[in-house]
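Peer 1:
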Amino acid sequence: DTVRFVGGSTASSDYVYTQASDGTAWSDWKGYTIQTQGGSSPVVTASDQTVNANESMKPSFSVTDADGDKITRYAFYDGNTSTTSGYFTVNGIKQTAGQTFYLDANQLDTLRFVGGTVAGVDALSVAVSDGIDGWSNQKQFNISTKSVVADWFEQNIKDLAIRSLARSRFQDGLLDRQDMIDIFTNAKDSDVVDADEFADLQTLTSNTSYIKMPEYVRVLSKKISEGNPANKSYQGSSLGNLQAGSSAYQLDKLINEHFLGQDRPDFTGKFTYTNGTPINMTYQKAQGNLFQNGINYEDVKQGAVGDCYYLASLAAVALKTPKVIEEMFTDNGDGTYTVRFFNKGEADYVTVDRYLPTEKNDGWLPFSKVGDSSNTYKNSANELWVALAEKAYAQMNEAGWIPRYTTEEGINLHGLNSYQGIQGGWTDQATAHISSKKSTNDWTQSSTSNTIVDAFNSQKSIIFSSKEIEYTRYSDVVSGHAYTMVGYNQATGKFTLFNPWGLNNKGRDGNDPTPKPGIIELTWSQIQTYFSLWTVNA
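Mapping to this note's numbering: the sequence shown position 422 is 422, numbers consecutive.
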């Protein structure tokens, strides 16, 4: 089994003899010829091909070698030296026409041929070597540049990289969220957004007659390409609107802010336990699902943020039109959610991720609860929609269109990307921001119970705002607080109101020894005693 015969270095023949023995006697000698064949050069074949003007392709050819030797070297030649003709590139570098260039085998995957700027033909050739038997024949073939009718992208998008990527992604007639993320990510040369790239991004996002996008994708895209007040800062540091000459760093941060929800609202402010001790917080990724067992006003459980006006509005919309709450969220499938609000009836969007402020040591949520007050961010049964809607409202405040005010301490809440920025507000505005429907306020003293009951029974959302007077502290009504109307008993004439602190609450931070009830039933007389305003959302 170890005997081998090695062929000669050139074509020749050897006459050899073999004799065998069985240990007792030898056989006769047997003579025969072994012919050494000459080595075989590789053979290359190629056919004519076509390419679109200015587009890149991988040239097609095939190689065979009778000896099975590996190809080690390639030679290419382009005979068309016209400045408008096609050309070879190697690793993106243009090769000079009219002279042969060589590639090692490990470079072949970087070879491309780019179509000319006008219709024409490039006469090409390719030869290969196996490093043993020499070079193959030089195979000639043509690549023809095909002139294409200029499409929308050719006519409107100047930057070749943006044009190619956008055209490719638009083959289904839609630029979706991931398409736009990729287009923005690739819209920079040498770490700078140049003037053509900046103009092209604005063209793509502003064109509605040809370029189709989901509404939320276009709104978020325009916040990057056309600017938005929220761009003034990112994670507490100055940022600014995109412009020609912006850095790749700035563009990446704008993508992170608007598409990935990473510009999380600040949680500093007067957020304390009932005893006045500040709550030590950090962001943690919350487990659970957006919705658990449907959408219900009882999902609302206010925490340490003074945004009862907003959470009572969420509860009211959830009670009467839960579909609005469902459509408020777009699950992006990557741990982020795009949340819809309405600015004077026009949809606006902000993206949030699953990171929520949590108590640093124990992991419970000081702000909107996602289950029982003892739940931590690790609980897989968490229901996240209220907490994410609260976070989204805090982020949306940075856009500057949510009416805010200056606190007694002189803090201007307008445009703050913070939970403090949404403390205190108006239920009529909040319900309109959530549902797009017009909301109005009226005084309880000048209204009748029948007016309110009729509105409630016609599926309109009703919210009551309590008076800020001392004696309400001695009732079950929280002073200066918003309540959602969730029922009316015709037999008793009592209104059922929901406290956004939640059912079975222990105060907003879960530690109040004398909490107010989550549900109260009041007569119309009591309503007029304890509440000054009511809001109806049509």
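Using N, Cα and C, we set each Cβ at its ideal position, and we do this for glycine too.
On the DSSP letters alone, give me the boundaries of the beta strand (DSSP E) that F531 sits inside.
Peer 2: Looking up residue 531 in the sequence shown gives position 531. 531 to 537 is the span of the beta strand (DSSP E), which, as asked, contains F531.
Peer 1: Give, in chain order, every unbroken run of the beta strand (DSSP E) that is at least 3 residues long and sits entirely within the stretch 139 to 215.
Peer 2: You should have 139 to 146.
Peer 1: Apart from the five residues on each side of it in sequence, which residues of its chain come closer than 6 Å, Cβ to Cβ, to F322?
Peer 2: Sequence index remark: in the sequence shown, residue 322 carries index 322 (1-based). The question names Phe, but residue 322 is Pro in the sequence shown. The answer, listed in chain order, is I295.
Peer 1: Count the other C-beta atoms from every protein chain shown that fall within 10 angstroms of the C-beta of I93, then say buried if there are 16 or more, exposed otherwise.
Peer 2: Counting from 1 along the sequence shown, the entry for residue 93 is found at position 93. Burial call: exposed.
Peer 1: Answer with buried or exposed for D13, where buried requires no fewer than 16 other C-beta atoms within 10 angstroms of its C-beta.
Peer 2: Residue 13 sits at position 13 when you count from the first residue of the sequence shown. In the sequence under discussion, the amino acid at residue 13 is Ser, which differs from the Asp named in the question. S13 should be labelled exposed.
Peer 1: Out of Q178, G236, G493, which one is the CA nearest neighbour of T336?
Peer 2: Numbered from 1 along the sequence shown, position 336 holds the residue referred to as residue 336. Among Q178, G236, G493, the Cα nearest to that of T336 belongs to Q178.
Peer 1: Whole angstroms is fine: what's the gap from V149's alpha carbon to A66's?
Peer 2: By one-based count along the sequence shown, residue 149 stands at place 149. By one-based count along the sequence shown, residue 66 stands at place 66. Between V149 and A66, the C-alpha separation is close to 45 Å.
Peer 1: So for T338, helix, strand or coil by DSSP?
Peer 2: Numbered from its first residue, the sequence shown carries residue 338 at position 338. Three-state DSSP puts T338 in a strand.
Peer 1: Identify every run of the alpha helix (DSSP H) within the stretch 20 to 76, keeping only runs that are complete inside it and at least 4 residues long; order them along the chain.
Peer 2: List check, alpha helix (DSSP H) in window: nothing returned.
Peer 1: Between V339 and L388, is the Cβ-Cβ spacing less than 8 Å?
Peer 2: The residue you call residue 339 lines up with position 339 of the sequence shown. The residue you call residue 388 lines up with position 388 of the sequence shown. The answer is yes: Cβ separation under 8 Å.
Peer 1: Could you name the residues of the same chain whose beta carbon sits closer than 8 Å to that of G236, not counting the 5 residues immediately before and after it, in chain order?
Peer 2: On the sequence shown, residue 236 is found 236 positions in, with the first residue counted as 1. Excluding positions up to five away in sequence, the list reads D266.
Peer 1: Excluding the 5 residues flanking R218 on each side, which residues of the same chain have their C-beta closer than 7 Å to its C-beta?
Peer 2: Position 218 of the sequence shown, counted from the first residue, corresponds to residue 218. Correct list, in chain order: T205.
Peer 1: Could you spell out the range, first to last residue, of the beta strand (DSSP E) harbouring V350?
Peer 2: Residue numbering aside, residue 350 sits at position 350 when the sequence shown is read from its first letter. 346 to 353 is the span of the beta strand (DSSP E), which, as asked, contains V350.
Peer 1: Could you have a look at A482 and say whether DSSP puts it in helix, strand or coil?
Peer 2: Reading the sequence shown from its first residue, position 482 is the one you call residue 482. Three-state DSSP puts A482 in a strand.
Peer 1: Entirely within the stretch 251 to 301 and at least 4 residues each: give me those alpha helix (DSSP H) ranges in chain order.
Peer 2: If we require 4 residues or more, the stretch 251 to 301 turns out to have no alpha helix (DSSP H) run fully inside it.
Peer 1: Between the alpha carbons of Q490 and N450, how many angstroms are there, rounded?
Peer 2: Counted from its first residue, the sequence shown places residue 490 at position 490. Counted from its first residue, the sequence shown places residue 450 at position 450. Taking the straight line from one Cα to the other gives about 11 Å.
Peer 1: Assign Q395 to one of two classes, buried (16 or more other C-beta atoms within 10 Å of its C-beta) or exposed (fewer than that).
Peer 2: On the sequence shown, position 395 is the one that residue 395 refers to. By the 10 Å Cβ count, Q395 comes out buried.
Peer 1: Determine whether the beta carbon atoms of S359 and I279 lie at a separation below 8 Å.
Peer 2: Your numbering for residue 359 matches position 359 in the sequence shown. Your numbering for residue 279 matches position 279 in the sequence shown. Here residue 359 turns out to be Glu, not Ser, going by the sequence shown. Yes, the pair counts as a contact, with Cβ atoms nearer than the cut-off.
Peer 1: Please go through the stretch 392 to 436 and give each complete alpha helix (DSSP H) segment of 4 or more residues, from N-terminal end onward.
Peer 2: Listed in chain order, they are 427 to 435.
Peer 1: Would DSSP call A381 helix, strand or coil?
Peer 2: As a position in the sequence shown, residue 381 is number 381, starting the count at 1. Note: A381 maps to coil in three-state DSSP.
Peer 1: In three-state terms, what does DSSP make of A97?
Peer 2: Here residue 97 refers to the residue found at position 97 when the sequence shown is read from its first residue. Coil, per DSSP.
Peer 1: Taking DSSP's pairing of strands, which residues face A304 in a bridge?
Peer 2: Here residue 304 refers to the residue found at position 304 when the sequence shown is read from its first residue. Partner(s): none; A304 has no beta bridge.
Peer 1: Using alpha carbons as the reference points, say which of T272, S147, Q262 lies closest to P366.
Peer 2: Numbered from 1 along the sequence shown, position 366 holds the residue referred to as residue 366. When each option's Cα is compared against that of P366, the closest is T272.
Peer 1: Would you call Q423 buried or exposed, if buried means 16 or more other Cβ atoms sit within 10 Å of its Cβ?
Peer 2: By 1-based counting over the sequence shown, the position of residue 423 is 423. By the neighbour-count rule (16 or more Cβ atoms within 10 Å), Q423 is buried.
Peer 1: Please report how far the alpha carbon of T152 lies from the alpha carbon of L175, in whole angstroms.
Peer 2: Walking along the sequence shown from the start, residue 152 turns up at place 152. Walking along the sequence shown from the start, residue 175 turns up at place 175. Strictly speaking, residue 152 in this sequence is Trp, with Thr absent from that position. C-alpha separation (whole angstroms): 14 Å.
Peer 1: Opposite D122 in the DSSP bridges: which residues?
Peer 2: Here residue 122 refers to the residue found at position 122 when the sequence shown is read from its first residue. I143.
Peer 1: G493 to S525, Cα distance in whole Å?
Peer 2: Within the sequence shown, numbered from 1, the residue matching residue 493 stands at position 493. Within the sequence shown, numbered from 1, the residue matching residue 525 stands at position 525. For G493 and S525, the distance between alpha carbons rounds to 10 Å.
Peer 1: Using CA coordinates, which residue listed in A187, S418, W426, T18 is at the minimum distance from I34?
Peer 2: Counting from one through the sequence shown, the residue named residue 34 turns up at place 34. When each option's Cα is compared against that of I34, the closest is T18.
Peer 1: Under 8 Å, do G68 and G115 count as touching if we go by C-beta distance?
Peer 2: As a first step, residue 68 must be located in the sequence shown, where it is residue number 68. As a first step, residue 115 must be located in the sequence shown, where it is residue number 115. The answer is no: Cβ separation not under 8 Å.
Peer 1: Look up R4 in the DSSP assignment and say whether it is helix, strand or coil.
Peer 2: Indexing the sequence shown from 1 puts residue 4 at position 4. If DSSP states are grouped into helix, strand and coil, R4 belongs with coil.
Peer 1: Label G563 either buried or exposed according to how many other C-beta atoms from any shown protein chain fall within 10 Å of its C-beta, with 16 as the threshold for buried.
Peer 2: The chain is shown from 1 up to 538; residue 563 falls before or after that span and cannot be answered.
Peer 1: Assign E346 to buried or exposed, taking buried as 16 or more other Cβ atoms, counted over all protein chains shown, within 10 Å of its Cβ.
Peer 2: The count along the sequence shown starts at 1 and reaches residue 346 at position 346. Answer is exposed; the Cβ neighbour count stays below 16.
Peer 1: Following the continuous beta strand (DSSP E) through D454, name the residue where it begins and the one where it ends.
Peer 2: Taking the sequence shown and counting its residues from 1, one reaches residue 454 at position 454. Note, D454: premise wrong, no beta strand (DSSP E); alpha helix (DSSP H) at 449 to 457.
Peer 1: Would you mind stating whether F341 and H433 have Cβ atoms separated by less than 8 Å?
Peer 2: Sequence index remark: in the sequence shown, residue 341 carries index 341 (1-based). Sequence index remark: in the sequence shown, residue 433 carries index 433 (1-based). Yes, the Cβ-Cβ distance between F341 and H433 is below 8 Å.
Peer 1: Okay, do the stretch 101 to 121 and the stretch 54 to 65 touch, 3+ Cβ pairs below 8 Å being the bar?
Peer 2: Yes, they touch.
Peer 1: Could you tell me the distance, in whole angstroms, from the CA atom of D28 to the CA atom of S21?
Peer 2: The residue given as residue 28 occupies position 28 in the sequence shown. The residue given as residue 21 occupies position 21 in the sequence shown. Their Cα atoms are separated by approximately 9 Å.
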